[in-house]
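Engineer: Provided herewith is a single structure, encoded as structure tokens, for subsequent inquiry.
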Amino acid sequence: MFTSRLTAALALFLSLSLLTSLSAQPPSHPHPEFNHDLNPIASSTNQWTGVAVSNNSRIFVNFPYWSDNVPVSVAEIIDGKPVPYPNTDWQSRSSDSPHFIAVQSVFVDDNDNLWVLDTNNPLHQGVQTPGPVLHQFNLQTNTLTKSYTFPSTAYRPNSYFNDVRIDTDKQVAYITDSGQGAIVVLNLQTNSARRLLDTSPSTQPETDYLIINGKKWSNSVASDGIALTPDKQYLYYIALTGHTLYRIPTSALLDTTLSAKQLNDKVQTIMAVPATDGMLFDNQGNLYLGGLENNAINIIKPDGNLFQLIQSAEIKWADSFAKDPKGHIFFTTSQINLPPDQRENYMVYAFNPPQLLGRTAEPLNSILIAVTSHPTLGNTGKPTGYFLSEVSHAYYTFKAAGFNVKFVSPQGGTVPVTGKDTQDTYNIRFLNDPDAQAAIKETLSPQQVTPHHFRAIYYAGGHGTMWDFPDNKPLQDIATKIYEFGGVVSAVCHGPAGLVNIKLSNDQYLISGKEISAFTNEEEQSMNLDNVVPFPLETKLKERGANFRKVDNFQPISVTDDRIVTGQNPASALSVAEETVHLLKAPPSHTLQPTQPKPSPPSN
């Protein structure tokens, strides 16, 4: 997040026009027809972030204090325009009466209370005394019910309390701190607060940039989006500059006897997703997320599958989400990634999920398997190619999990194969499967691949990869784009030869600092091929900064670090594929443990 500044004259003009023109609006509530995929509800020349909808469809928004041009902090949308809420006095930061300072989000709970989260951190210059405040408003009377303050142990000087969810049954508020990653749990009955998971990797930024519409947006933002499951048994959260969705049982967050380590052990990795700001569960257990990289809205359905619900140039940074009593979903566009002079009006849109699921939704369920085109072992004249079991085991694991599979090779077309173990039931099925054979005999060339259509790339091994994977720039670009779009990069045996020269947009090697496994120097020597291959793979990976992991020769091991999954040898292919699926697909029920069943070996 960053601060945009207008000239003083323009800021004054916009401030006056907003306050004067909007205060005259008559009180009426919008009832959109929802005839379009995206239905415009309201627009503003001032940047907003949060949106909330009451039980009788009143719509509220907030304007963060990221510039000097923030005349209103909280507003109700009336006739498509924001009207200061609960009144203009609350918007005056110099008032002696209760007032807002730097509001970041709004939320309406099950009992129709409006909650306003004030960071008290204007312009991101540090938290001011007396610290963040959570205000509760009664929407029947439009009056303040209570303001909750936080002890100094609950926040840090650079904290930025970002989003909030309320459990009305347990009388608890859950808050993300995106400035200094943490989850803050506030007991609404005792006004006591606990700062949790602030040492957990799950609340910290994974990266310091995102690639949005092909352009690098540099920032490092911690735990941001937050959502409670409909049964309120789990809290989901994600860092803004991150692609890993986490959850934790709310019972663990409320257990005051757990140590920091014990609590961190309760965190569950759900899946890799495109970057999102806000999140929202509907009553049916669908989780709505943004798709910041490509102007999209995504949805994780209760069966664990990820769909792109809609993509549109109008979705300029989907920020926060809310739902109305009829199940319509509302969201704000905050255009955070765009320079101020490139921004248009900020919008509130709404959509009808069943309508989009039937018209524009696309399953994000394709995996790309990379195989070698190289047919010979150096100058020996001996044949090589992709190793069959490393393809067949992965192929049927991916298919069993509901993924579409495509093949790519450096040259495209037909590719050589080795390792035809006909005692392997996966291999037998693959060799006799018309669909599989048609696909592997007509592999795509890298130039034919659209990276954003794939959620993972899996590099199968076989010695041929040592010659045509490492320096293939088009293949490298595919992997980089998939990874920076929130996808997974996996490889097994000699497949990691395709990883050695991959660089990300920050000019760092993909595998630098990551735990990686691959075919070892000892395994190469045991096959008397250490003087045949162009370089020792284990050594090269270490030179690129990988923390190399290995076990005894030809024993299985798979290693997962971030969204990179690697395995040592052919015996590791199945576990590498299973872990890839685990990262790409949520558990089939939001109340079950996030595990994936192992596929049964295919029958002959």
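Note that the sequence shown covers residues 239 to 842 in this note's numbering. For every residue, glycine included, the Cβ atom is placed at its ideal position computed from N, Cα and C.
#1: Enumerate in chain order the residues of its own chain whose CB-to-CB distance from residue 662 is below 6 Å, with the five nearest sequence positions on each side excluded.
#2: Need the endpoints of the alpha helix (DSSP H) that residue 634 sits in, please.
#3: In whole angstroms, give me the CA-to-CA distance for residue 445 and residue 459.
#4: Could you check how far apart the C-beta atoms of residue 780 and residue 738 are, in whole angstroms? I think they sit under 8 Å.
#5: Between the beta-carbon of residue 654 and the beta-carbon of residue 702, is there less than 9 Å?
#6: Run through the segment 294-348 for me and flag every whole alpha helix (DSSP H) of 4 or more residues, listed as ranges in chain order.
#7: Rounded to the nearest angstrom, how far is the Cβ of residue 207 from that of residue 682, given a contact under 8 Å?
#8: Less than 6 Å between C-beta atoms, sequence neighbours within five positions excluded: which residues of the same chain meet that for residue 359?
#9: On the CB-based measure, 16 or more other CB atoms within 10 Å of its CB, does residue 619 come out buried or exposed?
#10: The beta strand (DSSP E) spanning residue 705 covers which residue range?
#11: Can at least three beta-carbon pairs, one atom from the segment 591-607 and one from the segment 666-675, be found at a separation below 8 Å?
#12: Measuring only the C-alpha atoms, how far is residue 266 from residue 390?
#13: Determine the burial state of residue 833: buried for a count of at least 16 other Cβ atoms within 10 Å of its Cβ, exposed for fewer.
#14: Buried or exposed: which applies to residue 345, given that a residue is buried once 16 or more other Cβ atoms fall within 10 Å of its Cβ?
#15: Taking the continuous alpha helix (DSSP H) assigned at residue 595, which residues delimit it?
#16: Which first and last residues belong to the alpha helix (DSSP H) in which residue 763 is found?
#17: Which parts of the segment 678-736 are runs of the beta strand (DSSP E), unbroken and 3 residues or longer, counting only runs that do not cross its ends?
#18: Starting from residue 666, trace the alpha helix (DSSP H) in both directions and tell me its first and last residue.
#19: In whole angstroms, give me the CA-to-CA distance for residue 472 and residue 699.
#20: Would you check if there are 3 or more beta carbon pairs closer than 8 Å linking the segment 555-575 to the segment 603-618?
#21: Could you pull the start and end residues of the beta strand (DSSP E) that residue 796 belongs to?
#22: Measure the CB-CB distance between residue 727 and residue 748 and report whether it falls below 9 Å.
#23: Between which two residues does the alpha helix (DSSP H) containing residue 499 stretch?
#24: Can the beta-carbon of residue 357 be found closer than 9 Å to that of residue 302?
#25: Mark residue 621 as exposed unless 16 or more other C-beta atoms lie within 10 angstroms of its C-beta, in which case mark it buried.
#26: Going by alpha carbons, who is nearest to residue 789 out of 499, 754, 669 and 586?
#27: Exposed or buried, residue 722, counting other C-beta atoms within 10 Å across all chains shown (16 or more means buried)?
#28: Going by CA-CA distance only, name the one from 576, 373 and 438 that's closest to residue 451.
#29: What does DSSP give as the partner residues of residue 487 in its beta bridges?
#30: Could you tell me whether the segment 513-532 touches the segment 405-422, using the rule of 3 or more Cβ pairs below 8 Å?
#31: Ignore the nearest five residues each way along the sequence and tell me which others in residue 241's own chain have a CB closer than 8 Å to its CB.
#32: Suppose the cutoff is 7 Å on Cβ atoms and the five residues either side in sequence are ignored; what does the same chain contact list for residue 813 look like?
#33: Do you know offhand how far residue 476's Cα is from residue 786's?
#34: Given this structure, state the Cα-to-Cα distance separating residue 374 from residue 327, to the nearest angstrom.
#35: Between which two residues does the beta strand (DSSP E) harbouring residue 660 extend?
#36: Between residue 782 and the rest of its own chain, which residues show a CB-CB distance below 7 Å, the 5 nearest in sequence each way excluded?
Structural biologist: In short, the structure shows the following:
#1: What you label residue 662 is simply residue 424 of the sequence shown in a count that begins at 1. Once the five neighbours on either side are set aside, the close Cβ partners of residue 662 are 627.
#2: The residue given as residue 634 occupies position 396 in the sequence shown. Run containing residue 634: 626-638, per the alpha helix (DSSP H) assignment.
#3: As a working mapping, residue 445 is identified with position 207 in the sequence shown. As a working mapping, residue 459 is identified with position 221 in the sequence shown. When rounded, the distance between both Cα atoms is 9 Å.
#4: Position 542 of the sequence shown, counted from the first residue, corresponds to residue 780. Position 500 of the sequence shown, counted from the first residue, corresponds to residue 738. About 10 Å separates the Cβ atoms of residue 780 and residue 738, ruling out a contact at the 8 Å cut-off.
#5: Stepping through the sequence shown from its first residue, residue 654 is reached at position 416. Stepping through the sequence shown from its first residue, residue 702 is reached at position 464. Going by C-beta atoms, residue 654 is nearer than 9 Å to residue 702.
#6: Within the segment 294-348, no run of alpha helix (DSSP H) at least 4 residues long lies entirely inside it.
#7: Here the chain has residues from 239 to 842 only, and residue 207 is not among them.
#8: Translated into the one-based positions of the sequence shown, residue 359 becomes position 121. So the list reads 340, 365 and 398, once near-sequence residues are dropped.
#9: Looking up residue 619 in the sequence shown gives position 381. With fewer than 16 other Cβ atoms within 10 Å, it is exposed.
#10: Walking along the sequence shown from the start, residue 705 turns up at place 467. Per DSSP, residue 705 belongs to no beta strand (DSSP E); it is in the alpha helix (DSSP H), 703-706.
#11: Not touching, per the Cβ criterion.
#12: Working through the sequence shown from its first residue, we reach residue 266 at position 28. Working through the sequence shown from its first residue, we reach residue 390 at position 152. In this prediction, residue 266 has a pLDDT of 42, which is less than 50 and means its spatial position is unreliable; nothing more can be read from the coordinates.
#13: Position 595 of the sequence shown, counted from the first residue, corresponds to residue 833. Confidence is the limiting factor: at residue 833 the pLDDT is only 36, short of 50, which leaves the residue's position unreliable, though a coordinate-based value still follows. Burial call: exposed.
#14: The residue labelled residue 345 in the question sits at position 107 within the sequence shown. Classification of residue 345: buried, given that the 10 Å Cβ count is 16 or more.
#15: On the sequence shown, residue 595 is found 357 positions in, with the first residue counted as 1. In this chain, the alpha helix (DSSP H) harbouring residue 595 covers 591-597.
#16: Taking the sequence shown and counting its residues from 1, the one referred to as residue 763 is at position 525. First-last of the alpha helix (DSSP H) with residue 763: 759-764.
#17: For the beta strand (DSSP E) assignment, the uninterrupted runs of no fewer than 3 residues enclosed by the segment 678-736 are, from N- to C-terminal side, 694-697 and 726-730.
#18: For the purposes of this step, residue 666 is identified with residue 428 of the sequence shown, where counting begins at 1. Unbroken alpha helix (DSSP H) run through residue 666: 663-669.
#19: The sequence position of residue 472 within the sequence shown is 234, counting from 1. The sequence position of residue 699 within the sequence shown is 461, counting from 1. Residue 472 and residue 699: Cα-Cα distance of roughly 39 Å.
#20: Contact fails: fewer than three Cβ-Cβ distances are below 8 Å.
#21: Counted from its first residue, the sequence shown places residue 796 at position 558. In this chain, the beta strand (DSSP E) harbouring residue 796 covers 796-799.
#22: What you label residue 727 is simply residue 489 of the sequence shown in a count that begins at 1. What you label residue 748 is simply residue 510 of the sequence shown in a count that begins at 1. Yes; because the gap between Cβ atoms is below 9 Å, this pair is in contact.
#23: The sequence position of residue 499 within the sequence shown is 261, counting from 1. Residue 499 -> alpha helix (DSSP H) spans 498-502.
#24: Locating residue 357 in the sequence shown gives position 119, where the first residue counts as 1. Locating residue 302 in the sequence shown gives position 64, where the first residue counts as 1. Judged by beta-carbon spacing, residue 302 lies within the 9 Å limit of residue 357, meaning their Cβ atoms are closer than that value.
#25: Numbered from 1 along the sequence shown, position 383 holds the residue referred to as residue 621. With fewer than 16 other Cβ atoms inside 10 Å of its own Cβ, residue 621 counts as exposed.
#26: To locate residue 789, count along the sequence shown from 1; it is residue 551. Comparing Cα positions, the closest option is 754.
#27: Position 484 of the sequence shown, counting from 1, holds the residue named residue 722. When all chains shown are included, residue 722 counts as buried.
#28: Walking along the sequence shown from the start, residue 451 turns up at place 213. That would be 576, whose Cα lies nearest to the Cα of residue 451.
#29: By one-based count along the sequence shown, residue 487 stands at place 249. In DSSP, residue 487 forms a bridge with 472.
#30: In short, these stretches do not touch, since the Cβ pair count stays below three.
#31: Looking up residue 241 in the sequence shown gives position 3. In this predicted model, residue 241 has a pLDDT of only 36, less than 50, meaning its place in the structure is not dependable; the value taken from the coordinates is given anyway. In its chain, beyond the 5 residues on either side, 304, 305, 361 and 362 have a beta carbon closer than 8 Å to the beta carbon of residue 241.
#32: By 1-based counting over the sequence shown, the position of residue 813 is 575. Hits under 7 Å: 794, 796 and 805.
#33: Indexing the sequence shown from 1 puts residue 476 at position 238. Indexing the sequence shown from 1 puts residue 786 at position 548. If I take the Cα positions, the gap works out to 28 Å.
#34: Your numbering for residue 374 matches position 136 in the sequence shown. Your numbering for residue 327 matches position 89 in the sequence shown. Approximately 17 Å between the Cα atoms of the pair.
#35: In the sequence shown, the residue the question calls residue 660 occupies position 422. Segment: none, residue 660 is in no beta strand (DSSP E) and carries neither H nor E.
#36: By 1-based counting over the sequence shown, the position of residue 782 is 544. Cβ neighbours of residue 782 beyond the five flanking positions: 738, 747, 749 and 750.
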